[in-house]
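Single-structure report; data block below.
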Amino acid sequence: MRKLGFVLLAVMLVFALVVPVAAQDAAVVAQLEAYSETIPPYGTISAADVATAIAERELVLLDVREVEEYEAGHVEGAFNVPIRTLGENLNLLPDTEAEIIVICQGGARAMLAQTALRVLGYSNAQTMAGGMGAWVGEDLPTVTDPFMVEAGEAPEFDAAVYEAVNGYLVNLPQGYGLTNANALNEALFENPDILLIDVRSPDEWANGYIAGAEHIWVNEFMASVDAWPEDKDAAIVIYCASGYRGGIATVMMNLMGYTNVRNLSGGIGAWIAAGLPLEGVPEEAAEETAEFDFAAVADEYLSSLPETFNAVRPDGLAEELEGDDVPFLVDVRTVDEYTESHIEGAINIPLQELTQNLDLLPAQDANIVVYCGSGHRSALAMEALNLLGYSNTRSMLTGFANWSGATSDVPVEAEVGMAPEIDPALFEAVDGYISSIPAGYFIVRADALNEELFENEIFLIDVRTDGEFEAGYIEGAVHIPLEQLVARMDEWPEDMAAAIVVYDNPTHRSTMAMEIMQILGYENVRTLGGGFGAWSSADLPVATP
Numbered sequence: 023m024r025k026l027g028f029v030l031l032a033v034m035l036v037f038a039l040v041v042p043v044a045a046q047d048a049a050v051v052a053q054l055e056a057y058s059e060t061i062p063p064y065g066t067i068s069a070a071d072v073a074t075a076i077a078e079r080e081l082v083l084l085d086v087r088e089v090e091e092y093e094a095g096h097v098e099g100a101f102n103v104p105i106r107t108l109g110e111n112l113n114l115l116p117d118t119e120a121e122i123i124v125i126c127q128g129g130a131r132a133m134l135a136q137t138a139l140r141v142l143g144y145s146n147a148q149t150m151a152g153g154m155g156a157w158v159g160e161d162l163p164t165v166t167d168p169f170m171v172e173a174g175e176a177p178e179f180d181a182a183v184y185e186a187v188n189g190y191l192v193n194l195p196q197g198y199g200l201t202n203a204n205a206l207n208e209a210l211f212e213n214p215d216i217l218l219i220d221v222r223s224p225d226e227w228a229n230g231y232i233a234g235a236e237h238i239w240v241n242e243f244m245a246s247v248d249a250w251p252e253d254k255d256a257a258i259v260i261y262c263a264s265g266y267r268g269g270i271a272t273v274m275m276n277l278m279g280y281t282n283v284r285n286l287s288g289g290i291g292a293w294i295a296a297g298l299p300l301e302g303v304p305e306e307a308a309e310e311t312a313e314f315d316f317a318a319v320a321d322e323y324l325s326s327l328p329e330t331f332n333a334v335r336p337d338g339l340a341e342e343l344e345g346d347d348v349p350f351l352v353d354v355r356t357v358d359e360y361t362e363s364h365i366e367g368a369i370n371i372p373l374q375e376l377t378q379n380l381d382l383l384p385a386q387d388a389n390i391v392v393y394c395g396s397g398h399r400s401a402l403a404m405e406a407l408n409l410l411g412y413s414n415t416r417s418m419l420t421g422f423a424n425w426s427g428a429t430s431d432v433p434v435e436a437e438v439g440m441a442p443e444i445d446p447a448l449f450e451a452v453d454g455y456i457s458s459i460p461a462g463y464f465i466v467r468a469d470a471l472n473e474e475l476f477e478n479e480i481f482l483i484d485v486r487t488d489g490e491f492e493a494g495y496i497e498g499a500v501h502i503p504l505e506q507l508v509a510r511m512d513e514w515p516e517d518m519a520a521a522i523v524v525y526d527n528p529t530h531r532s533t534m535a536m537e538i539m540q541i542l543g544y545e546n547v548r549t550l551g552g553g554f555g556a557w558s559s560a561d562l563p564v565a566t567p
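Take the position in the sequence shown, starting the count at 1, then add 22; the result is the number in the numbering used here.
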C-alpha cells in the first residue's frame, strides 16, 4: 500500500458492540460454500517468502495484533488493525482483489482474520505462517514507527454476511478461541461430551487421531454440514496437523451460529509432542510408540551434554576445515539465503525440511556442523539431530553473519544415501515439531522484553551455569541450568500457555531449552535474542544474588 497522506490507525480504533449472529441466513451459507470451494490452498506464506515478495511487488501488510504488540516491533510497511476491530475498519483496506498479508504473533489470529476476509470476498488474503515470531526468527528487520494509511470507502457487502463476520470478530474471546493439548486432555476427562472434529485429510486421519474424534475433512467441511452437531451450543474442539486448517473450520462454524468452538493450538502435532495418546494408529506403529516418554528422552539428553553444549565457534570451525577430520557442513537457512552465499562445501537443507531429508546426511556418528544466519536455527537443528541419534552434530555459534572463511555461491549437490532407523515415536515427536512449526522461532529482543516485563507477566528462565547466574541476571528470573531443565519441570509454569522467555549468553542454550519446552507442549516460549549479553549491553537493569 502506498504511503500517501495518512491516518494513524490502531490508536483510534473503537470496538463496536455487536451481538454474534446465528449465521443461518441463506446469504451467509452461500458465501461460506463459495469460499469453501476455493480451498485448498489454505492461504499460508512463509516469512522468507513475504520478505521476497515485499521487494518484488506491492503488498498490503495487515498486522492484527494488539496495539502494544504492534508498537513493540512490526514489519516495515505493516499497519495495525487489532483483529476484533477489523470488521469496523475495512475502509483501511484497498479493493477486494489486493494481495493482503495478514500478520500476528504466531499465525493463529492471522488465520482467523484471513478466513474472515476471504469469506467477505477478499480473494487474495494470506496468512504469514508463524507471524512475527517467524519474521524475527529469520533475522528480518523490524521497526517501531507506526505506518499510516489513507482511509477510503469500504466495499459493499451483503448485510447478513457482513453482520455475521463482524459479529464474530468483535466477540472473539480472550485467547482467541484456542486451547492447548494438555488443557484439552484435562477437559476431556472432566467433560467427555466435548465433540472433537478432525479436519485433516483422509490419509492423515488413517495414521491416527485423538480418541473420540469425528473426521470431517476441511476441504469438504461446508458440504458436510449435516454431520455437524445439531446443538449449536455444544462444546466443540477442532484440530488439524498444526492449527491453520483448524482455524478455517473454527471460523466457518462460528459464522454458522455455533457458540462454543475452539481450535487446538499446534494441532495434533502438539498433542503428540505432549506425549498424549492417539487411536487408530496402524498396529505396528502403535506397538512401537506405546511406551514412548519424550520427557525422559530429553532429560537424558540434556543431563549428558558436554561442557561445549555441542557448539563450535566460527574460528574453531575454520581450523577444523583445515585439519584431518573435516566436518560435514549443513546450511539450514532458506534456499535464497544459501544461494546468495554459503560456507564453501556446505549442502543446504532448509530447517523445516531437515528431518524429512536425513538420507542426505552421513552416518549418525559422523562429524557434522550445522549453521544458519545467527546460530538460532542451527541450534534447533542440532538439537533435533542430537535427539535423533546424531551424536557428533554441533551448531556454529553466531552463524554465517560472523563467518570470515571461504564462501561460495555455487550450490553443492547433496549425495542421497539411506536414512537411519530411528525409534518411530521419537521421530514422530521431533519431525512433527520441526516440520510443522513456522519458518522461524520465537525470538524477543532485549528492549522489547524490557517493555513487556512492565506490561505483562513473563516467566523468565535463566539456563546458564551457576557462575554466570551469580555474576548477574535479569530480575525475577528462575535459574535452571540447561542440564537440569527437564529434571526440574516442577518449577515450570503449570499453565502451558504461559508467556515464557528463556535466555543464556549468547543465544544457544536457550534455543535448546525452548525447543524441548515446545515439544513438550508449551506454546508461548520465546528466546531472548543475543542472550544476557544483549540485555546488559542495552544498559538494562541487572540483578545479583
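Even glycine gets a Cβ: it sits at the ideal position worked out from N, Cα and C.
Beta-carbon proximity check, residue i vs residue j, cutoff 9 angstroms
| i | j | result |
| --- | --- | --- |
| Val192 | Gly109 | yes |
| Ala138 | Tyr92 | no |
| Glu160 | Gly395 | yes |
| Lys254 | Met278 | yes |
| Arg131 | Val103 | no |
| Ile444 | Leu482 | no |
| Leu81 | Val72 | yes |
| Glu473 | Ala521 | no |
| Leu402 | Glu537 | yes |
| Thr529 | Leu562 | no |
| Phe211 | Glu98 | no |
| Tyr261 | Ile216 | no |
| Arg467 | Gly95 | yes |
| Arg416 | Pro372 | no |
| Phe422 | Ser326 | no |
| Gly197 | Ala519 | yes |
| Leu218 | Gly230 | no |
| Arg222 | Trp239 | yes |
| Glu344 | Val334 | no |
Per-residue burial, residue i [other beta carbons within 10 Å of its own, 16 or more giving buried]
| i | result |
| --- | --- |
| Gly129 | buried |
| Met440 | exposed |
| Asp453 | buried |
| Ala556 | buried |
| Gly152 | buried |
| Arg79 | exposed |
| Asn213 | exposed |
| Glu450 | buried |
| Thr107 | buried |
| Asp353 | buried |
| Glu359 | buried |
| Asp321 | buried |
Inter-residue CB distance, residue i and residue j (contact presumed, cutoff 8 angstroms)
| i | j | result |
| --- | --- | --- |
| Pro336 | Thr420 | 7 angstroms |
| Val589 | Ala317 | Only positions 23 to 567 of the chain appear in this structure, which leaves residue 589 out of reach. |
| His398 | Ile456 | Not confirmed; about 14 angstroms, so no contact. |
| Ser598 | Ala263 | Given that the chain is displayed from residue 23 to residue 567, the structure contains no residue 598 and the question cannot be resolved. |
| Gln53 | Val141 | 6 angstroms |
| Pro62 | Asn241 | 6 angstroms |
| Glu366 | Ala428 | 4 angstroms |
| Gly65 | Gln127 | Their Cβ separation, rounded to whole angstroms, is 18 angstroms, which puts Gly65 and Gln127 out of contact at 8 angstroms. |
| Ile67 | Ile122 | Contact flag wrong, Cβ pair sits at about 11 angstroms. |
| Leu504 | Ala535 | 6 angstroms |
| Leu298 | Asn207 | 5 angstroms |
DSSP state of residue i mapped onto helix, strand, coil
| i | result |
| --- | --- |
| Glu242 | helix |
| Asp484 | strand |
| Gln378 | helix |
| Ile67 | strand |
| Gln53 | helix |
| Val43 | With a pLDDT of 37 at Val43, under the threshold of 50, the modelled position of that residue is not reliable, and no figure is offered here. |
| Glu8 | Coverage of the chain is limited to positions 23 through 567, which leaves residue 8 absent and any answer about it impossible. |
| Tyr323 | helix |
| Ala173 | coil |
| Phe554 | helix |
| Asn202 | coil |
| Leu194 | coil |
| Leu83 | strand |
| Ala132 | helix |
| Ser344 | Per the sequence shown, residue 344 should be read as Glu rather than Ser. Three-state DSSP puts Glu344 in coil, outside helix and strand. |
| Thr272 | helix |
| Met150 | strand |
| Tyr184 | helix |
With a cut-off of 8 angstroms, do at least 3 Cβ pairs link the region 292-305 to the region 199-207?
yes
Does the region 425-440 come into contact with the region 466-486, if we say contact requires no fewer than three beta-carbon pairs (one atom in each stretch) closer than 8 angstroms?
no
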